[in-house]
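Peer 1:
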Amino acid sequence: VLDINGEYNEDIDLFELIASRFGGTRGIFANANNTNTGEDSLNLAAASIEERTDIEVNNLGLIENDYAIEGISGENSIFAGTKVKRTRVDTGKVDVSTNLFNFLNTNIIGGEATVAVINIFGNFKKNILLPSFDQIFPNVGPRIGTGAQADASIEGATGDSINNAVAIATNDTEITVQNYGGVINELKNRANSGDNENVFGDDADNITVKSGKAKTQTNVLTLANRTCIGCGWFSGFFNILGDWSGKVSGLPETAKKEGNGKSFVVSVEDTDVPGLGGNGVSADASINGTGDDSFNGSAAVAARSVKVKTANEGAVINKLDQVADSGSNSIAAIDGKDITVNTGDVSSAMNVGTILNTDVIGGKLVTLAVNLFGSWEGDFVIGEPTDVGVTITATPSPSPAALGGAITYHITAANAANGKTTDASVKVTYDNARTTLANAGNGTAGEGNVSFSFLGLVPGAQASATFSVTIKNTLGSGTHILNATAALTSSTADNNSANDQSSAAVSVTVGQSGNTNPGNDDEGTVDGTILPGDDNSNGNSNPPPGNTTGGSTVGGSTGSDTVFSIVKTSTAPSAGVAPGSTIPYKITLQNNRSVPVNDVKVYDKLKNEGGLVVFENSWDLGTVAPNEKVVIDYTVIFSAEAPAGDYTNTAYASG
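In terms of full-length UniProt numbering, the sequence shown opens at residue 1 and continues consecutively.
#1: Alpha carbon to alpha carbon, how far is T222 from T489? Give it in angstroms, no decimals.
#2: Using 7 Å as the threshold, is the C-beta distance between L241 and A349 below it?
#3: Could you tell me which whole beta strand (DSSP E) segments of length 3 or greater appear in the region 239-264?
#4: When the Cα atoms are used, what is the spatial distance from D646 to A578?
#5: Below 8 Å on the Cβ atoms is my contact criterion, and I expect N432 with G443 to pass it. Report the Cβ-Cβ distance as a whole number of Å.
#6: DSSP state of E186, grouped into three classes?
#7: Looking at the unbroken beta strand (DSSP E) that takes in F121, where does it start and where does it end?
#8: So, at 6 Å on beta carbons, what are the nonlocal neighbours of I63 in its own chain, with the 5 sequence-adjacent residues on each side left out?
#9: Can you grab the Cα-Cα spacing for the pair G259 / V266, in whole Å?
#10: Determine, for Y180, whether the minimum Cβ-Cβ distance to residues of chain B falls below 7 Å.
#11: Nearest-angstrom Cα distance between L17 and F380?
#12: When DSSP labels each residue in this structure, what does D494 get in the three-state scheme?
#13: Count the other CB atoms within 10 Å of the CB of A438; is the residue buried (16 or more) or exposed (fewer)?
#14: Which residues bound the beta strand (DSSP E) around L320?
#15: With distances taken from CA atoms, which of S211, I168 and E10 is nearest I346?
#16: Would you identify the three-state DSSP class for residue 674, choosing helix, strand or coil?
#17: Let me check understanding here. Comparing Cα to Cα, which of E628, L356, T635 and S502 lies closest to E616?
#18: Would I4 and G122 be called neighbours here (beta carbons separated by less than 7 Å)?
#19: Which partner residues does R226 have in the DSSP bridge list?
#20: Mind checking who A505 pairs with in its DSSP beta bridge?
#21: Evaluate R86 with the Cβ neighbour count: other Cβ atoms within 10 Å of its Cβ, from every protein chain shown; 16 or more gives buried, anything less gives exposed.
#22: G92 and D195 - do their beta-carbons sit closer together than 7 Å?
#23: Roughly how many angstroms separate the alpha carbons of G378 and K257, rounded to a whole number?
#24: Would you mind sorting R304 into buried or exposed? The rule is 16 or more other CB atoms within 10 Å of its CB.
#25: Are I361 and V308 close, meaning C-beta to C-beta below 7 Å?
#26: Note down the Cα distance separating V248 from R88, rounded to an integer number of angstroms.
#27: Using only alpha-carbon positions, find the residue among T582, V268 and V624 that is nearest to D599.
#28: Does the structure place the region 401-419 close enough to the region 471-490 that three or more beta carbon pairs sit under 8 Å?
#29: Determine the direct distance from the alpha carbon of D325 to that of D335, and round the result to whole angstroms.
#30: Quick check: the region 353-360 against the region 460-477, are at least 3 beta-carbon pairs closer than 8 Å?
#31: Ordered along the chain, which non-local residues of its own chain (more than five positions away) have a Cβ less than 8 Å from that of N9?
#32: Which word fits S654, buried or exposed, when buried means at least 16 other C-beta atoms lie within 10 angstroms of its C-beta?
#33: Could you round the C-beta distance between A167 and A150 to whole angstroms and report it? I think they count as a contact, below 8 Å.
#34: How close, in whole Å, do the beta carbons of residue 696 and N189 come, if the pair is a contact with beta carbons under 8 Å?
#35: Below 7 Å between beta carbons: does that hold for E384 and L60?
#36: I need the straight-line Cα distance from G6 to K472, nearest angstrom please.
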C-alpha cells in the first residue's frame, strides 16, 4: 500500500513488484539402466517413483469495521441580546477522505499473487509504470506438474533371449475449492455547508447567509470468491474521486474496460499462463546391448497424486459514518444588524474495498487499485513508455507574406528510436480570425483547427502532413503575426512532454493602402480620393456643387513638434489644377521619441478659400516605434464640378 500526500514528482515504478520471478516446475524422476551386458547374462532394470501432494486449507475469518469520521469547521453558535451589530462568521473549507481496504482468506498454492493499492491524496504529477504483459505473465512452463511418465526399454537383444519391458504411469489430480463469503456495507457519507439557523427579533436588518459548495463521492469495490487455477488474471481498479488528466496505455486488445462515471475497472482474464500440467514425476528403466542367451527384464513405475482442497468462510462488515460540515451554525439575537454568515466549501470522499476468498492455484493473479482523492497529471503505463514529438513549420507564398497569399504548414510526428510502436494524434490550431482554411490535406477540419492521425509509428519512424490557409484581404494596416500551434497526444505513455507542442509564426505587414510591405517603412498607395461634388465621393461631406471656371491652386504644408516630424509633398503644377485632375500626395511621418507612441492617427484637411473644410482624410497607424518612419502615398481627384478658387490642404498627426 502506497500513500501519496502533498506533491509528488517522481514516477512510481512497479516493475520489481509485479514482474514474474516464478519459473516452471522441473518435477522429480527415477532412472535405472543396464548397458553393454554380456552373453548368457541375467539382467534386471527397475525404476519406481511415487509422489503424493496433499494440501488442505481451511480459513474462517471475520472483519468488522465501525468508524465515525468527522471534519467540522461549522456548528458555531452565537447567542446575544440587544444591539448586536456587524457580526461575521466565516467557516473554513473542509475536505474529508477515507480509504478502507479489507483482505481476507487468500490462498496461493504453487502460484503468484500481487495486490497493490495506491492512494493519491495529494498532487501526483508523474506516471505509474508497470512491466509489459509478457513480463507480468511469462511462458515459463507449468507451475504445478500434475502428469506422470514411465519409460521401459530393452535394446540390442540377440537370439534365444527372453526379454520383458513394463512401464506403468498413473496420475491423480483433484482440486476442490469451497468458498462461502458475505460482505455487508453500511455507509453514510454526508457533506453539509448549510443548515444555518438564524433567529432574530422584529428589528433585525441586513442579515446575509452564504453557503459554500458541498460535494460527496462514494466508491465501493467488492471482489469475493475468486479462484484462479492455472490462469493469468489482471485486474486494475481506478477509483477516481479527484481530478485525473491522464490515461491507461499499453493494454492488449483482449482487455475489458467497464465503468460508471469517472471510475472504471480494467481486466484481462485470458492471458496465456501455463499453470497445471507437464510431468510432475517420471521413471525410466532401460537395458542396452544385451548378449546371447540373456534373460532381461525392465520395469518402470511412476505415480503422481495432487490433491488440493481449500475451504474459505469469511464475512466482512463495513460500517462507516462520515461527515464534512462547515454549516450548522446558529445565531440568535433580538435586533441583530449587519450580520453575515459565510460557510466554506465541503467535500467528503469515501472509498471502501473488500477482497474476500481468493484462491490462486498454479497461476498468477495481479490486482491493482488506484484510489484518487487529489489530482493526478500522469498516465498508468503498461510496458516501457516512449518519446513521441511534433514539429511544425510554415512557408508563406509569396514570400514575404502578402494579403491574399497562402501559408502552407508542415507537420512532422516522430517516434524515438528506443521507444515502442504507438499511434499519434496531432491537432493544429491556426489563426482563423485572420486566415481561412484553403486545404486540410489528409486532416480533419474543425473550427479553427485541423487534426491528423499517425498510426503505427514504429521506433525511429516519423510521418508528415501538410495543410494550407489563405491570408484574408481585410487585414488593417500594421504588422500581423499569424501563429499556428501543433499539440500531440500518443496512445502510449510519453516520457517527454517537452516536445509534444510546437508553434510556427508568419509575419505580414500591411501599409496604409492595404497593400503589404515587409520593410521597416509603412508605405502604400491609397485609392484615389474624389473631392466634393463628384457622385463617387465615398460619402464624404460635400459642399454644394458649383461651376468650374478655371485652374485651382493646391498648397503644400509641412509641420513638426517634439513628438512627430511630418512632411507633405505633391506634384501639383504651379499654374493651377484643371477640373477633373488627379494629384498625387505623399505624407512622411517620423516618431522623434525614444519610446513607442500609441494610437497614432494622421489627418489631411482640404479647405476652400473661405477656410471651410470641404474634405478630410485620415489614417489609423496604431503604434509607431521609436524613430520609425511611416510614408503614406495617396491621390486626390478634383471633381469636374468643384468651384474655381484656391484650395489648401494641411496634414497633421496625433498620438
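No residue lacks a Cβ here, since even glycine has one placed at the ideal position from N, Cα and C.
It should be emphasised that the depicted structure is a prediction, and the values quoted were computed from it without experimental measurement.
Peer 2: Judging by the given coordinates:
#1: Residue 489 sits at position 489 when you count from the first residue of the sequence shown. Residue 222 sits at position 222 when you count from the first residue of the sequence shown. Straight-line Cα distance between these residues: approximately 34 Å.
#2: Mapped onto the sequence shown, residue 241 falls at position 241. Mapped onto the sequence shown, residue 349 falls at position 349. Yes, they are a contact pair.
#3: 256-260
#4: Within the sequence shown, residue 646 is the residue found at index 646, counting from 1. Within the sequence shown, residue 578 is the residue found at index 578, counting from 1. Roughly 12 Å separates the two Cα atoms.
#5: Along the sequence shown, one-based indexing puts residue 432 at 432. Along the sequence shown, one-based indexing puts residue 443 at 443. No, N432 and G443 are not in contact; Cβ-Cβ is about 14 Å, not under 8 Å.
#6: Locating residue 186 in the sequence shown gives position 186, where the first residue counts as 1. Strand.
#7: One-based indexing of the sequence shown puts residue 121 at position 121. Premise fails: F121 is in no beta strand (DSSP E) and is neither H nor E.
#8: Taking the sequence shown and counting its residues from 1, one reaches residue 63 at position 63. Same-chain partners within the cutoff: N102, L104 and V316.
#9: Here residue 259 corresponds to residue number 259 of the sequence shown, with the count starting at 1. Here residue 266 corresponds to residue number 266 of the sequence shown, with the count starting at 1. Computed Cα separation, rounded: 9 Å.
#10: The displayed structure is made up of one protein chain only, and chain B is not part of it.
#11: The residue labelled residue 17 in the question sits at position 17 within the sequence shown. The residue labelled residue 380 in the question sits at position 380 within the sequence shown. Using only the alpha carbons, I get a separation of about 15 Å.
#12: Against the sequence shown, residue 494 aligns to sequence position 494. DSSP places D494 in strand when its eight states are reduced to three.
#13: The sequence position of residue 438 within the sequence shown is 438, counting from 1. Result: exposed.
#14: As a working note, residue 320 is residue 320 in the sequence shown. Segment F295 to D325, the beta strand (DSSP E) holding L320.
#15: Residue numbering aside, residue 346 sits at position 346 when the sequence shown is read from its first letter. This sequence places Val at residue 346; Ile is not what is there. When only C-alpha atoms are compared, the closest one is S211.
#16: The structure shown does not extend to residue 674, since the chain is modelled only from 1 through 655, so no value can be given for it.
#17: As a first step, residue 616 is located in the sequence shown; it is residue number 616 there, counting from the start. Of the listed residues, the one whose Cα sits closest to E616 is T635.
#18: Looking up residue 4 in the sequence shown gives position 4. Looking up residue 122 in the sequence shown gives position 122. Yes.
#19: Counting from 1 along the sequence shown, the entry for residue 226 is found at position 226. Answer by DSSP bridge pairing, in chain order: T358.
#20: If you number the sequence shown from 1, residue 505 lands on position 505. Beta-bridge pairing links A505 to N483.
#21: Counting from one through the sequence shown, the residue named residue 86 turns up at place 86. With fewer than 16 Cβ atoms within 10 Å of its Cβ, R86 is classed as exposed.
#22: By one-based count along the sequence shown, residue 195 stands at place 195. By one-based count along the sequence shown, residue 92 stands at place 92. No, Cβ-Cβ distance for D195 and G92 is not below 7 Å.
#23: On the sequence shown, position 378 is the one that residue 378 refers to. On the sequence shown, position 257 is the one that residue 257 refers to. Their backbone Cα atoms lie some 19 Å apart in a straight line.
#24: Position 304 of the sequence shown, counted from the first residue, corresponds to residue 304. Flag for R304 reads buried.
#25: For the purposes of this step, residue 361 is taken as residue 361 along the sequence shown, with counting starting at 1. For the purposes of this step, residue 308 is taken as residue 308 along the sequence shown, with counting starting at 1. In contact: I361 and V308 (Cβ atoms closer than 7 Å).
#26: What you label residue 248 is simply residue 248 of the sequence shown in a count that begins at 1. What you label residue 88 is simply residue 88 of the sequence shown in a count that begins at 1. When rounded, the distance between both Cα atoms is 48 Å.
#27: Working through the sequence shown from its first residue, we reach residue 599 at position 599. Closest option to D599, Cα to Cα, is V624.
#28: yes
#29: Numbered from 1 along the sequence shown, position 335 holds the residue referred to as residue 335. Numbered from 1 along the sequence shown, position 325 holds the residue referred to as residue 325. Whole-angstrom Cα-Cα distance: 28 Å.
#30: no
#31: Stepping through the sequence shown from its first residue, residue 9 is reached at position 9. Only K125 and K126 meet the Cβ criterion.
#32: Taking the sequence shown and counting its residues from 1, one reaches residue 654 at position 654. Exposed, because fewer than 16 other Cβ atoms sit within 10 Å of the Cβ of S654.
#33: Your numbering for residue 167 matches position 167 in the sequence shown. Your numbering for residue 150 matches position 150 in the sequence shown. Going by Cβ atoms, the distance from A167 to A150 rounds to 4 Å, so yes, they are a contact pair.
#34: Residue numbering for the chain in the displayed model covers 1 to 655; residue 696 lies beyond these limits and cannot be assessed.
#35: Counted from its first residue, the sequence shown places residue 384 at position 384. Counted from its first residue, the sequence shown places residue 60 at position 60. No, Cβ-Cβ distance for E384 and L60 is not below 7 Å.
#36: Locating residue 6 in the sequence shown gives position 6, where the first residue counts as 1. Locating residue 472 in the sequence shown gives position 472, where the first residue counts as 1. Between G6 and K472, the C-alpha separation is close to 50 Å.
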